[in-house]
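Below is one structure, written out as structure tokens; comments come after it.
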Amino acid sequence: MPYPSRPTIALVTDCLFCRIVAGDIPATVVRETDTTLAFRDIAPKAAVHVLVVTKEHFVDIAALAQADPELTGQLMETAAIVAETEGLLADGFRTIFNTGVYGGQEVDHVHAHVLGGEPLGPMVCK
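Each number in our numbering comes from the position in the sequence shown (counting from 1) with 791 added on.
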């Protein structure tokens, strides 16, 4: 069953990424679609570090995937296009979703980190 169209985007006023989506906080936008926004991280962890968010507020990837699989796919499509336009396909890149406290999530708005442009090392360091 298809999801109903959304005439308005649900934003949370105290959410950093919702405020970026609304244009209240400036960001260096890399790509924008009707449903997603990709922008450079202000504290990059790699030569290329782009955040890809849904314009509609979802707390994390689990909530998004359960509520709207189609939008989940659009988020991933935007991440893949960002990797391509940033020139990351040849040497590889990493896409990360941090979820919850143990996962290291710092902003409670679903977002993918697209990292690359240099060797990234091991996936998890202890």
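Virtual Cβ for every residue (Gly too), placed ideally from N, Cα, C.
DSSP, read as helix, strand or coil, puts Val-850 in coil. Cβ neighbours of Val-843 within its own chain (closer than 7 Å, five residues either side excluded): Thr-827, Ala-829, Leu-866, Thr-869, Ala-870, Val-873, His-902, Ala-903 and Val-905. Counting the other Cβ atoms within 10 Å of the Cβ of Val-820 gives fewer than 16, which makes it exposed. Collapsing the DSSP output to three states places Glu-823 in a strand.
One thing to note: Glu-877 has its Cβ within 9 Å of the Cβ of Val-839. Put simply, the backbone Cα of Glu-847 is about 8 Å away from that of Cys-809. Here the C-alpha atom of Arg-822 lies approximately 16 Å from the C-alpha atom of Leu-862. A residue is called buried when at least 16 other Cβ atoms come within 10 angstroms of its Cβ; Ala-837 meets this threshold and is buried. Excluding its 5 nearest sequence neighbours in each direction, Val-898 has C-beta neighbours in its own chain below 7 Å: Leu-807 and Phe-808, listed in chain order. In this structure, the alpha-carbon of Asn-889 lies about 5 Å from that of Gln-896. Assignment of Val-812 by DSSP, reduced to helix, strand and coil, places it in the helix class. If you draw a 10 Å sphere on the C-beta of Ile-852, you find 16 or more other C-beta atoms in it, and that means buried. Secondary structure at Gly-894: coil, using DSSP grouped into helix, strand and coil.
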